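Protein chains in written order, with my numbering: chain A, 1271 to 1599; chain B, 42 to 425; chain C, 13 to 288.
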Amino acid sequence: MSVISAAKPNRMIGGFGRLFTTPTFGPLIVLIAFCAVFSLTTRTFWAAGNLSLVVQQSVIVGTLAIGQTMIILTAGIDLANGGIAVLGTIIAGRLVAQEQNPALSLLFALVLCTCFGLTAGLLVSRLMLPPFIVTLGLLGIITAITRLVAQGGAFPVTDDLLSWTGNAFAVGDTSITYGMIIMFCLYLLVWYLLTQTAWGRHVYAIGNNREAARLVGIPVQARLLSVYTFAGLLYGIGAWLALGRIPNADPNALQNANLDSITAVVIGGTSLFGGRGSLWGTLIGTLIVAVLRNGLTLTGIDPLWQDLVTGILVISAVALDQMSRRRQR
Amino acid sequence: MHTIRAAALRAARFNTDRTHFGNEPPIQIGSSRTPGRMGASLSIAIAAAAVSLAGVFGSATPSANAATGDQITIGLVTKTEVNPYFVKLRQAATAEAEKQGAKLIARFGKFDGDNEGQVAAVENLISAGVKGILITPNNSTGMLGIIKKARDKGVLVIALDTATDPADAVDATLATDNFEAGVLQGQYARKALGSKAPKLAMLDGSPGGTVDVQRHDGFLKGFGLKEGDPAIAGKQITHGAQDEGQTAMENLLTAHPDINVVYTINEPAAEGAYAAIKARGKLKDIVLTSIDGGRLGVQYVKDGKIAATVMQFPKIMATRGVDYVVDYVKSGKKPSGFINTGAKLITDKPFSGLPSQDTKWGLENCWGLVTPAAAPHTSFALID
Amino acid sequence: MSAEAKNKPSLPPRGTVVLEARGIVKRYGHVTALGGTDLELRAGEVLAIVGDNGAGKSTLIKVLCGAVIPDAGQVLLDGTPVHFRSPLDARRLGIETVYQDLAVAPALDIATNLFLGREVRRSGPIGSWFRLLDKKRMRREAQREMDELKFHLPSIDSAVEKLSGGQRQGVAVARAAIFASRLVIMDEPTAALGVRESGQVLNLIRTIRDRGLPVILISHDMPHVFEVADRIQIMRLGRRAALTTPQRHTMSEVVAIMTGAARGDEPVPDSNQTMG
Chain A
1271 MSVISAAKPN
1281 RMIGGFGRLF
1291 TTPTFGPLIV
1301 LIAFCAVFSL
1311 TTRTFWAAGN
1321 LSLVVQQSVI
1331 VGTLAIGQTM
1341 IILTAGIDLA
1351 NGGIAVLGTI
1361 IAGRLVAQEQ
1371 NPALSLLFAL
1381 VLCTCFGLTA
1391 GLLVSRLMLP
1401 PFIVTLGLLG
1411 IITAITRLVA
1421 QGGAFPVTDD
1431 LLSWTGNAFA
1441 VGDTSITYGM
1451 IIMFCLYLLV
1461 WYLLTQTAWG
1471 RHVYAIGNNR
1481 EAARLVGIPV
1491 QARLLSVYTF
1501 AGLLYGIGAW
1511 LALGRIPNAD
1521 PNALQNANLD
1531 SITAVVIGGT
1541 SLFGGRGSLW
1551 GTLIGTLIVA
1561 VLRNGLTLTG
1571 IDPLWQDLVT
1581 GILVISAVAL
1591 DQMSRRRQR
Chain B
42 MHTIRAAALR
52 AARFNTDRTH
62 FGNEPPIQIG
72 SSRTPGRMGA
82 SLSIAIAAAA
92 VSLAGVFGSA
102 TPSANAATGD
112 QITIGLVTKT
122 EVNPYFVKLR
132 QAATAEAEKQ
142 GAKLIARFGK
152 FDGDNEGQVA
162 AVENLISAGV
172 KGILITPNNS
182 TGMLGIIKKA
192 RDKGVLVIAL
202 DTATDPADAV
212 DATLATDNFE
222 AGVLQGQYAR
232 KALGSKAPKL
242 AMLDGSPGGT
252 VDVQRHDGFL
262 KGFGLKEGDP
272 AIAGKQITHG
282 AQDEGQTAME
292 NLLTAHPDIN
302 VVYTINEPAA
312 EGAYAAIKAR
322 GKLKDIVLTS
332 IDGGRLGVQY
342 VKDGKIAATV
352 MQFPKIMATR
362 GVDYVVDYVK
372 SGKKPSGFIN
382 TGAKLITDKP
392 FSGLPSQDTK
402 WGLENCWGLV
412 TPAAAPHTSF
422 ALID
Chain C
13 MSAEAKNKPS
23 LPPRGTVVLE
33 ARGIVKRYGH
43 VTALGGTDLE
53 LRAGEVLAIV
63 GDNGAGKSTL
73 IKVLCGAVIP
83 DAGQVLLDGT
93 PVHFRSPLDA
103 RRLGIETVYQ
113 DLAVAPALDI
123 ATNLFLGREV
133 RRSGPIGSWF
143 RLLDKKRMRR
153 EAQREMDELK
163 FHLPSIDSAV
173 EKLSGGQRQG
183 VAVARAAIFA
193 SRLVIMDEPT
203 AALGVRESGQ
213 VLNLIRTIRD
223 RGLPVILISH
233 DMPHVFEVAD
243 RIQIMRLGRR
253 AALTTPQRHT
263 MSEVVAIMTG
273 AARGDEPVPD
283 SNQTMG
């Protein structure tokens, strides 16, 4: 019975138990399963070069998904992240094309993206507007600004600094781009913030029970503002990574990045209702999608299966989340 | 266990109501909950993976996966899969590959302009070991890096339908001369208008697209107007889509009711324009022209909805592309330069001095889906 | 602020007034929620505030914990007048509140919830520059607090949502106990609980009191009030109608005073002053 004093909880079971119930366990299994299947059915999947390719393909959405994860953890959502990143590429590209200092151009683009994040944050935290609506509206505004600045077309971005993130160095058979390294560093940084600092706990608490967070004295508005603003900065870095991957500033790019990042977050086990989830799950979710796309191409299977399987994974993830929440109640 | 005894006493004193107000039963040691949750987590993950794997395996037809050791693999990357034009490209390429005993892996972007998707597709195709890649590049400059990488690895890269910029970034380009096609369209439009003073509406595709720009400029040259001429009543973006074409036409007609000739980027846009024109009752007053030459488009010309269209030959692009790759593998010979797959004016009301074919010929040689009802961008309820 | 670092006040002699409210008035438009209420909380006691709906209990509590600013009247802590502009002010002075809906984050574990908003960082630069949390220390202190309160839970790492209602209440109460240095206020602590769990919570309340923190609690549940309270303040129509003990009156008498069927021993305002 509950009153009986529990002897020291069985440490072994407790430790393993915590591993198995971490939200990332399911997605990890799925990722491993896909990798296993594609390794067995093709000769080309399980090759260092191909695997590093998959990671390279995950870099842009993977970085955008970091910001999306933080925002979803606060029970919000961001539909404008792709748009902000694209605007960043256009602004940086334009400035450099006009003979501005590349470093300053990049910095300006980063600051601009951060400001858009700040705007979303202000609207969500101070005016208490629903994040879905705010970011949807912001997306429209940003799209218009992007078209205005880009004046109709895409244009190449040949600057070394701007496309630096695409430079790679070889490690054995693989090719590691600086963009990959940046992405991993960002994941580590944000993981640390979310799990090892008070700020991170506040983020989870706000998503889990906002009223409680307010009552215990967490500065909810300030935290929300910081989350959206930081996410904006991450989107700016995502723009830099995008330029590294394709040295082209294209106003039509990343149209689906918002949904792709949400897909990665959800498949990775983070709850859309906030307060639960792990950042590493998002990375796994991003990799799952990339592995699927890569594997289907290598096996020559019709790509429509990609959409089907992704859809199944998303629904499974949400269903699982709902089931485990219902159990707790 | 003072607490237990005290609790028991209390329970006895008041009543034995044991209702927990919606709470769960008392917690056991934390870990015993874990297998339950882990079980659910695992089972769903496994179910999802299982369904997915079943799909992956189930969809593989024997021929598709039976890549023998020395079978030639060819990659095809189109812009999207929803436009019947690209569907035709894929079908023709697949058929030709089968005829040649090669394997075709077809990929496409998610939307018109999905650079990242096309880049990733090319990367994956290289990984898959294709010998040649046929590609309709979204935005010319965006693909240069990955195309170079492919060529450096000895993969033959041929651009279909759209040239890259610079054009020699690929080994060869198999395309319609879109400028020439635009010229034909413009020449016809001018002749069809006769001696009336033109008031031209231009329904363009996506901003900045190479094809869009070439057709647009070609039309103006064939028609005999310069950019910025006041005879051009207005321009609108349609992204080559029917709904946007309709909206664009409606808006232009509202702004300039005296429009009497319309340039459209492709037939879906023309379809939308037709609906708008019909709704205004201006069918007799407007010359509507288009480009592409899909089955639907030719049918429109036959039905009199479009005055004329200029046909492209994607089938030629696809089949010759496949043939070039096979040839390259067998003999090392690479094609080069711009290979014009031709453009033909299709109309039932020809004018002298302007060579054209009629719709009967058009229907025999067109691309496009066999059953019009299956084509996207179409809604027969809308037209007629 | 950890339990060990906090200054545990030496127990003031019984009978000292810790918290006092004089003539608190609060109006919301035409409605007078509190029409001149008094309250005294003495050291080492559990004071229960009871009253019918609309009697002003919640409003009084909100004034005492800083969530509501009164229109008139004074609040004194240890004899010194205090003015709370927000709940944080009250907390800083050592007044902790356990809200009716508990204010816990269900998905987070017990230790996290106990220190929510008041997280402990590692000492030195790693704590101040890198803001690294001292999770071990928080868990340790959380466990110690639970042990001291004799409140037993399966594991300090389990998520709060895995606990039963009574255990969750215990977590919220423990949180108040850890950080309170003057008094604890509780709003309907046993409202959603069954018999056995209510017993546990009432036990907790007694333990807190015995450790030197007086407790104010609002409750609808007469048996529980009579079980745990040292004194009972009966509110009616925005004023204190009576101040009694479980020994002096029976439950039905208290209820009668609550509803106005019987007179309390506080002066009853004449009808001109009653609220609308």
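The C-beta atom is built at its ideal place from N, Cα and C for all residues, glycine as well.
As the structure is a prediction and not an experimental result, all values here were calculated from the model.
Starting from ALA1335/A, trace the alpha helix (DSSP H) in both directions and tell me its first and last residue.
Annotation for ALA1335/A: the continuous alpha helix (DSSP H) segment containing it runs 1318-1343.
* Could you spell out where the beta strand (DSSP E) holding ILE273/B opens and where it closes? => That run of the beta strand (DSSP E) goes 273-278.
How is ARG1595/A classed by DSSP in three states: helix, strand or coil? It is helical.
message = What does the Cβ neighbour count give for SER140/C, buried or exposed, with the cut at 16 atoms within 10 Å?
response = Classification of SER140/C: exposed, given that the 10 Å Cβ count is below 16.
Between which two residues does the beta strand (DSSP E) containing VAL118/B stretch?
Unbroken beta strand (DSSP E) run through VAL118/B: 114-119.
Please compile the residues from chain A whose C-beta is within a distance smaller than 7 Å of the C-beta of TYR111/C. Within 7 Å Cβ-Cβ: LEU1485.
Exercise. What's the call for ALA108/B, buried or exposed, on a 16-neighbour Cβ count within 10 Å?
Worked result: Low per-residue confidence applies at ALA108/B: pLDDT is 46, beneath 50, and the placement is therefore not dependable, though the value from the model is reported in the following sentence. Flag for ALA108/B reads buried.
- If you draw a straight line from the C-alpha of VAL1561/A to the C-alpha of ILE1585/A, how long is it? If you draw a straight line from the Cα of VAL1561/A to the Cα of ILE1585/A, it is about 19 Å long.
Original post:
Cβ of ILE1350/A within 9 Å of Cβ of THR1405/A?
Top reply: Reading off the sequence, residue 1350/A comes out as Ala, not Ile. Their beta carbons are under 9 Å apart, which means ALA1350/A touches THR1405/A by this criterion.
- Can a CB atom of chain C be found closer than 9 Å to the CB of ASP1471/A? Sequence inspection shows Arg at residue 1471/A; the Asp mentioned does not correspond to that position. By this cut-off, ARG1471/A is an interface position.
Beta-carbon spacing of THR1499/A, GLY1387/A below 9 Å: Contact annotation: THR1499/A and GLY1387/A have beta-carbon atoms nearer than 9 Å.
>> At the level of alpha carbons, what is the spacing between ALA1512/A and THR1428/A?
In response: Looking at the two C-alpha atoms, the distance is approximately 13 Å.
field: Rounded straight-line distance, which links the Cα of VAL1490/A to that of HIS261/C
entry: Annotation: HIS261/C to VAL1490/A spans about 46 Å, alpha carbon to alpha carbon.
- [ ] Answer yes or no: do GLY1547/A and ILE1342/A have a C-beta to C-beta separation smaller than 9 Å?
- [x] At a Cβ-Cβ threshold of 9 Å, GLY1547/A and ILE1342/A count as neighbours.
- Message: Counting only C-beta atoms, is LYS172/B closer than 9 Å to chain A at any point?
- Response: Put simply, the CB of LYS172/B is far from chain A, with every gap to its CB atoms at 9 Å or more.
Q) So, is THR1435/A buried or exposed, given that buried needs 16 or more other C-beta atoms within 10 angstroms? A) Residue environment analysis places THR1435/A among the buried positions, since at least 16 neighbouring C-beta atoms fall within 10 angstroms of its C-beta.
Checking 9 Å against the spacing of the C-beta atoms, do LEU122/C and LEU205/C come in under that value? Residue identity differs from the one stated: residue 122/C is Ile in this sequence, not Leu. Judged by their CB atoms, ILE122/C and LEU205/C are not nearer to each other than the 9 Å cut-off.
* Asked: For SER1322/A, which of PHE1295/A, VAL1300/A and THR1447/A has the nearest alpha-carbon?
  -> Cα-wise, what sits closest to SER1322/A is THR1447/A.
- Residues near LYS267/B in its chain [Cβ-Cβ closer than 8 Å; skip 5 each side]: For LYS267/B, same chain residues with a beta-carbon under 8 Å away, outside a window of 5 residues either side, are LEU261 in chain order.
- Message: Run through the DSSP bridge pairs and tell me what PRO1297/A is partnered with.
- Response: Paired residues: none, contrary to the question.
Exercise. Check the Cβ-Cβ distances between GLN1592/A and every residue of chain C, and say whether any is below 9 Å.
Key: No, no contact with chain C.
My guess is that ALA1318/A and GLY1442/A are in contact by the Cβ rule of under 8 Å, so how many angstroms apart are they, rounded?
Rounded, the Cβ-Cβ distance is 6 Å, consistent with contact.
Task: When ALA60/C, ALA45/C, ARG104/C and LEU100/C are compared against ASP83/C, the one with the closest alpha-carbon - done: Measuring from the Cα of ASP83/C, the nearest candidate turns out to be ALA45/C.
Can you list, in chain order, the stretches of the alpha helix (DSSP H) that have 4 or more residues and sit fully within the segment 151-218 of chain C? If we require 4 residues or more, the alpha helix (DSSP H) runs fully inside the segment 151-218 of chain C come out as 177-191.
Exercise. Would you mind working out which of GLY250/C, MET270/C and VAL227/C sits nearest LEU53/C, comparing C-alpha positions?
Key: Ranking GLY250/C, MET270/C and VAL227/C by Cα distance to LEU53/C puts VAL227/C first.
Contacts that VAL160/B makes with chain A (C-beta to C-beta distance below 9 Å):
Going along chain A in sequence order, the residues near VAL160/B (Cβ under 9 Å) are GLN1327, ARG1515 and ILE1516.
* Asked: Which residues does DSSP pair with ALA1519/A in a beta bridge?
  -> Beta-bridge pairing links ALA1519/A to PHE1425/A.
Checklist line | Selected residue, minimal CA-CA separation from ILE1360/A, among ALA1424/A, ALA1589/A and SER1496/A | finding: Nearest option by C-alpha distance: ALA1424/A.
* Given a threshold of 16 other Cβ atoms within 10 Å of its Cβ, counted over all protein chains shown, does LYS237/B qualify as buried or as exposed? -> Under this definition LYS237/B is an exposed residue.
Between ASP1572/A, THR1294/A, VAL1559/A and ARG1595/A, which lies nearest to ILE1582/A when the distance is taken from Cα to Cα?
-> Of the candidates ASP1572/A, THR1294/A, VAL1559/A and ARG1595/A, the one whose C-alpha sits nearest the C-alpha of ILE1582/A is VAL1559/A.
Around the C-beta of TYR229/B, are 16 or more other C-beta atoms found within 10 angstroms, so that it is buried, or is it exposed?
Sixteen is the threshold: when 16 or more other Cβ atoms of the shown chains lie within 10 Å of the Cβ of TYR229/B, as they do, the residue is buried.
Next on the checklist: I'd like to confirm the pairing. Which residues does DSSP put opposite LYS144/B in its beta bridges?
Outcome noted: DSSP lists THR114/B as partners of LYS144/B.
Can you tell me which of ALA268/C, ARG252/C and VAL266/C puts its alpha carbon nearest to the alpha carbon of GLY48/C? Out of ALA268/C, ARG252/C and VAL266/C, ARG252/C has the C-alpha closest to the C-alpha of GLY48/C.
| task | With 8 Å as the limit, tell me which residues of the segment 1538-1551 of chain A have their beta carbon closer than that to any beta carbon of chain C; keep them in chain order. | result | Hits within the stretch, in order: GLY1545 and ARG1546.
* **ASN64/B versus THR92/C - alpha carbon distance** => For ASN64/B, the predicted model reports a pLDDT of 32, less than 50, meaning its position is unreliable and no value from the coordinates is stated.
- Give a yes or no on whether 9 Å exceeds the smallest Cβ distance from GLU1481/A to chain C. Contact with chain C is found for GLU1481/A, since one of that chain's Cβ atoms lies less than 9 Å from the residue's Cβ.
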